[in-house]
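Novice: Going by our numbering, 1003 is the number at position 6 of the sequence shown; the sequence numbering is gapless.
Just so you know, even glycine gets a beta-carbon here, dropped at the ideal spot from N, CA and C.
I am attaching a structure below and will ask some questions about it afterwards.
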Amino acid sequence: MKFEDKIKKIEEIVEKLENGEAALDESFDLYKKAMDLIKECDKELNEVKENVNKIVTESGEIKAFELDEDAK
C-alpha cells in the first residue's frame, strides 16, 4: 500500500473511532490497525529522511549531508 493510501486509511479509522460508529471490539481492532499503519508510515518516513540526508559526490560516492556551520 502506498504511503498516501496508508494516511488516508488512518484518517478513515480515526473518523470512525471519533464518531463512535464501531462497537467496542471493532474499535479495538480499528485502533490496532491504525497503530500498525502509523508504525509503517513512521518507518517509511525515517527511510526517506536517511536518504535525503545523503549526498552523492562528483565521483558518485554517497556521503552524509552536513550543513555548514554558517548555514545553521
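(1) How close, in whole Å, do the beta carbons of ALA1031 and VAL1011 come, if the pair is a contact with beta carbons under 8 Å?
(2) Identify every run of the alpha helix (DSSP H) within the segment 1008-1050, keeping only runs that are complete inside it and at least 4 residues long; order them along the chain.
(3) If you drop the 5 nearest sequence neighbours on each side, which residues of the same chain put their C-beta closer than 7 Å to that of LYS1006?
(4) Where LEU1042 and GLU1018 are concerned, what is the direct C-alpha to C-alpha distance, given to the nearest angstrom?
(5) If you check the beta carbons only, do CYS1038 and LYS1003 fall under 7 Å apart?
(6) From ASP1022, LYS1040, GLU1058 and LEU1021, pick the residue whose C-alpha is nearest to that of LYS999; which is it?
Specialist: To lay it out plainly:
(1) 7 Å
(2) 1021-1049
(3) LEU1034
(4) 30 Å
(5) yes
(6) LYS1040
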